[in-house]
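The listed protein sequences derive, respectively, from chains D and H.
Taken in order, the first sequence gives residues 176 to 452; the numbers are from this note's numbering.
Taken in order, the second sequence gives residues 4 to 403; the numbers are from this note's numbering.
Just so you know, even glycine gets a beta-carbon here, dropped at the ideal spot from N, CA and C.
Keep in mind the model is a prediction, meaning the values are calculated, not measured.
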Amino acid sequence: MDFLPRLPLADWIDAFVDWLKNADFLFDTLTGLIDAIIESLAATIGFLPSWILIVLISALTFWFAGRKTGLTFFVFLGLFLIDNMGYWEDMVLTLAIVISASLISVVVGVPFGIWMAKNDIVENIIKPVLDFMQTMPAFVYLIPAVAFFGIGEVPGVVASVIFAMPPTIRLTNLGIRQVSTEAIEAADAFGSTASQKLFKVQLPMAKVTIMAGINQTIMLALSMVVIASMIGAGGLGTAVYYAVGRNDAGGGFEAGFAIVILAIILDRLTQSLSKDK
Amino acid sequence: MAKLKVDGLTKVFGKKPKKALELLEQNKSKDDILRETGNTVGVNRASFSVEDGEIFVIMGLSGSGKSTLVRLLNRLINPTSGNVWVDGEDLSTMDDKTLREARRKKMSMVFQKFGLFPFRTVLSNVEYGLEVQGEDREERRQKAFNALELVGLKGYENMYPDELSGGMQQRVGLARALANDPDILLMDEAFSALDPLIRKDMQDELLDLQTKMKKTIVFITHDLDEALRIGDRITIMKDGAIVQIGTPEEILTNPENEYVEKFVEDVDRSKVFTVENVMSRAESVNMDKEGPRVALQRMRDAKISSIYVTNRDRKLKGIIHADDVSRLVKEGKDNIKEIIQTDVPTAAKDTVLRDIMNLLTYTNVPVAVVEEGKLKGVVVRGTVIAALSGSEVEQDGLPS
Numbered sequence: 176m177d178f179l180p181r182l183p184l185a186d187w188i189d190a191f192v193d194w195l196k197n198a199d200f201l202f203d204t205l206t207g208l209i210d211a212i213i214e215s216l217a218a219t220i221g222f223l224p225s226w227i228l229i230v231l232i233s234a235l236t237f238w239f240a241g242r243k244t245g246l247t248f249f250v251f252l253g254l255f256l257i258d259n260m261g262y263w264e265d266m267v268l269t270l271a272i273v274i275s276a277s278l279i280s281v282v283v284g285v286p287f288g289i290w291m292a293k294n295d296i297v298e299n300i301i302k303p304v305l306d307f308m309q310t311m312p313a314f315v316y317l318i319p320a321v322a323f324f325g326i327g328e329v330p331g332v333v334a335s336v337i338f339a340m341p342p343t344i345r346l347t348n349l350g351i352r353q354v355s356t357e358a359i360e361a362a363d364a365f366g367s368t369a370s371q372k373l374f375k376v377q378l379p380m381a382k383v384t385i386m387a388g389i390n391q392t393i394m395l396a397l398s399m400v401v402i403a404s405m406i407g408a409g410g411l412g413t414a415v416y417y418a419v420g421r422n423d424a425g426g427g428f429e430a431g432f433a434i435v436i437l438a439i440i441l442d443r444l445t446q447s448l449s450k451d452k
Numbered sequence: 004m005a006k007l008k009v010d011g012l013t014k015v016f017g018k019k020p021k022k023a024l025e026l027l028e029q030n031k032s033k034d035d036i037l038r039e040t041g042n043t044v045g046v047n048r049a050s051f052s053v054e055d056g057e058i059f060v061i062m063g064l065s066g067s068g069k070s071t072l073v074r075l076l077n078r079l080i081n082p083t084s085g086n087v088w089v090d091g092e093d094l095s096t097m098d099d100k101t102l103r104e105a106r107r108k109k110m111s112m113v114f115q116k117f118g119l120f121p122f123r124t125v126l127s128n129v130e131y132g133l134e135v136q137g138e139d140r141e142e143r144r145q146k147a148f149n150a151l152e153l154v155g156l157k158g159y160e161n162m163y164p165d166e167l168s169g170g171m172q173q174r175v176g177l178a179r180a181l182a183n184d185p186d187i188l189l190m191d192e193a194f195s196a197l198d199p200l201i202r203k204d205m206q207d208e209l210l211d212l213q214t215k216m217k218k219t220i221v222f223i224t225h226d227l228d229e230a231l232r233i234g235d236r237i238t239i240m241k242d243g244a245i246v247q248i249g250t251p252e253e254i255l256t257n258p259e260n261e262y263v264e265k266f267v268e269d270v271d272r273s274k275v276f277t278v279e280n281v282m283s284r285a286e287s288v289n290m291d292k293e294g295p296r297v298a299l300q301r302m303r304d305a306k307i308s309s310i311y312v313t314n315r316d317r318k319l320k321g322i323i324h325a326d327d328v329s330r331l332v333k334e335g336k337d338n339i340k341e342i343i344q345t346d347v348p349t350a351a352k353d354t355v356l357r358d359i360m361n362l363l364t365y366t367n368v369p370v371a372v373v374e375e376g377k378l379k380g381v382v383v384r385g386t387v388i389a390a391l392s393g394s395e396v397e398q399d400g401l402p403s
């Protein structure tokens, strides 16, 4: 196959990325916005002393997650362990990054999912894009993210959003499409407008599925935390990243445990939110 | 003016509806059209009108297009051609906003699998129609309460649909449809998902409600017994087209073609036919002016051995038997009053045949049909048997 010249795909993409840099002002605005979200979240979570927050989150878990004492106990112990290991500050920053990325994913993803559900052509266009977003190695996103958003937490959040948003879009689409024909017919037969049908019937009936998507989005965002630390996003990921560099198994596992604990707490909390009627 | 009028209503599913319509005009069959165009004919030029306060049943087997037809009536499915008039307004040309208004005010629908919203309570399900109309919270709550009471679900307001049995869920569906107070109820196989006993209860209840409410009901079913039980008129559909429209009696006694005939073959006619369908003219004597000789003559002419006796106002007084009359004549007495037997079998006009079977078994005189005490006719065993066996019932009571 040597007679064919090599396709300069890489050059094209570079050219495209360079061209996109013309929209500097847009990326600056976005950077400012995302940075503000992360900062305010981190400030809010970090405002309270750790022990108050530990008790608060444990109590919330007890109330919202079906009054399971086992889970509440685990949450309390887990958070206590994180604090005890000295990762509290890192955990707060990680949490802020994960929540920011998830919030943006939901705010952007749910409307896209709705649009997809209402229009077959849109679905056919977006589906392969989502496949692309999810299967492209997450590291790759870091490169343009740095180009557009510099280094630090903001490009980390952007890369997380790209990587973590697909499940929310997919499952919103799926959830709405799965609403039974009769319920849709009933909504129409009683003279609902399109938005009444969406907000009073389709979204509530799709809620459990959409929440499953959001849950996955949060988990994926958390998994991006370590990767994003490579471009300077702080938090627990950085601790892991440093430990790798120093071949420090103990420190790596400590920070890793903190991430696992955080993951379990976030997972159980969002799952229980989707279950209640 | 008809409440609901349908004219040439046609639905073709597929990509080449124009071509399919042309073929329909040429009276090509559904199968031919599917082969030639790949399109499915859902409903084929249906025309009928439903009067105010009528229960109009559309019945057919699955695939006959009945569910499509009912969805064309409120445009859940848009017709390919033809018109639907509701109160004289053409639904098929309405814009979205007018159509929505019509759906909110004029017609409600009840679904086969109930179509309830699982995340809403019973009360809030029933409120839905009023809620989307933007009705005041208190007012719609009150109306929903009333509708629930009407269908016998008082006290279940705060439960969720999945906590109720099928029959109760469909009552919620019915209450939701009634809460809007529409003129027209579209019921798509509303009772088909229920088990037989509950289904019968619901049918009775619907008939009960109907006597109070006088709605115009279009009822879809695949169950002929159900159709005969509740329908004022019945439409039979096959392959998307209407085969016959008529009252239950007309459908049973005069099936339009072999298809309908096969359909009605297994019906329990004794539950459908009434005394009025099989009664024949009664021979009688007027005790106030006619004597035993006239009575005897009349019995001889009609070749019967007993005859009913009435007074001047045709009020039924009893029966006399031929041998008693002869004895009276021999004894030279003139007044038949002394041999009248007052213990006679009677039935009202609207009694179904099943309910007089017992009577027919134990009596050897014809059953007298009585209305407000007056003798209207008689029912003899032979006519009843003929009617039940499906032979046509003639005016003189003899099978043709």
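Query: Residue 261/H versus residue 47/H: straight-line alpha-carbon distance, rounded; Result: 20 Å
Query: Which residues DSSP lists as bridging residue 378/D, in chain order; Result: In the DSSP output, where bridge partners are listed per residue, residue 378/D has none listed.
Query: Which listed residue (287/H, 337/H, 247/H) has its alpha carbon closest to that of residue 372/H; Result: 287/H
Query: Closest residue to residue 360/H among 346/H, 166/H, 384/H, 98/H (Cα-Cα distance); Result: 384/H
Query: Residues that residue 224/D contacts on chain H, provided the C-beta gap is smaller than 7 Å; Result: By Cβ distance, chain H contributes nothing, its closest Cβ being about 40 Å from residue 224/D, past 7 Å.
Query: Cβ of residue 30/H within 8 Å of any chain D Cβ; Result: no
Query: CB of residue 388/D within 8 Å of CB of residue 346/D, strictly; Result: yes
Query: Coarse secondary structure for residue 149/H, derived from DSSP in three states; Result: helix
Query: Between the CA atoms of residue 315/H and residue 305/H - distance to the nearest angstrom; Result: 22 Å
Query: Cβ pair count under 8 Å reaching 3, the segment 234-244 of chain D against the segment 396-410 of chain D; Result: no
Query: Contiguous beta strand (DSSP E) assignments of at least 3 residues, all confined to the segment 126-204 of chain H; Result: 187-191
Query: Listed by chain order, chain H residues near residue 360/D by CB distance under 8 Å; Result: 74, 79, 112, 114, 118
Query: Inter-stretch contact (C-beta, 8 Å, three-pair minimum) for the segment 214-229 of chain H and the segment 187-199 of chain H; Result: yes
Query: Boundaries (first-last residue) of the alpha helix (DSSP H) holding residue 254/D; Result: 244-260
Query: Where residue 330/H falls: helix, strand or coil (DSSP); Result: helix
Query: Nearest-angstrom beta carbon gap, residue 132/H and residue 182/H [assumed within contact, 8 Å]; Result: 6 Å
Query: Inter-residue spacing [alpha-carbon to alpha-carbon] between residue 389/H and residue 382/H; Result: 12 Å
Query: Inside the segment 206-255 of chain H only - beta strand (DSSP E) runs reaching at least 3 residues; Result: 219-224, 236-241, 244-249
Query: Validate contact between the segment 99-111 of chain H and the segment 360-375 of chain D using beta carbons, cut 8 Å, 3 pairs; Result: yes
Query: Exposure label - residue 227/D; buried when at least 16 CB within 10 Å; Result: exposed
Query: Opposing strand residues paired with residue 349/H [DSSP bridges]; Result: 371/H
Query: Alpha-carbon to alpha-carbon, residue 175/H and residue 230/H; Result: 22 Å
Query: Runs of beta strand (DSSP E) wholly within the segment 40-80 of chain H (minimum 3 residues, chain order); Result: 43-53, 58-62
Query: Listed by chain order, chain D residues near residue 159/H by CB distance under 8 Å; Result: Correct list: empty, because the minimum Cβ distance to chain D is about 16 Å.
Query: Beta-carbon proximity check, residue 248/H vs residue 60/H, cutoff 8 Å; Result: no
Query: Cβ contact check for the segment 433-442 of chain D and the segment 42-57 of chain H: 3 or more pairs under 8 Å; Result: no
Query: Nearest to residue 229/D (by Cα), restricted to the options 266/D, 356/D, 202/D; Result: 266/D
Query: Residue 341/H to residue 294/H span [Cα, whole Å]; Result: 12 Å
Query: Residue of 438/D, 291/D, 264/D, 396/D minimising C-alpha distance to residue 225/D; Result: 264/D
Query: Beta-carbon proximity check, residue 347/H vs residue 299/H, cutoff 8 Å; Result: no
Query: Contact set for residue 4/H: own chain, Cβ-Cβ below 7 Å, skip 5 residues either direction; Result: 91
Query: Inter-residue Cα distance where the pair is residue 402/H and residue 312/H; Result: Here residue 402/H scores only 41 on pLDDT, less than 50, and its place in the model should not be relied on; the value that follows carries that caveat. Using only the alpha carbons, I get a separation of about 27 Å.
Query: Chain D within 8 Å of residue 131/H, Cβ atoms only; Result: yes
Query: Within chain D, the residues that residue 135/H reaches when beta carbons sit closer than 9 Å; Result: 362, 365, 366, 367, 368, 371, 372, 375
Query: Cutoff 8 Å: residue 380/D Cβ touching any chain H Cβ; Result: yes
Query: Distance between residue 184/H and residue 155/H (C-alpha atoms, nearest Å); Result: 17 Å
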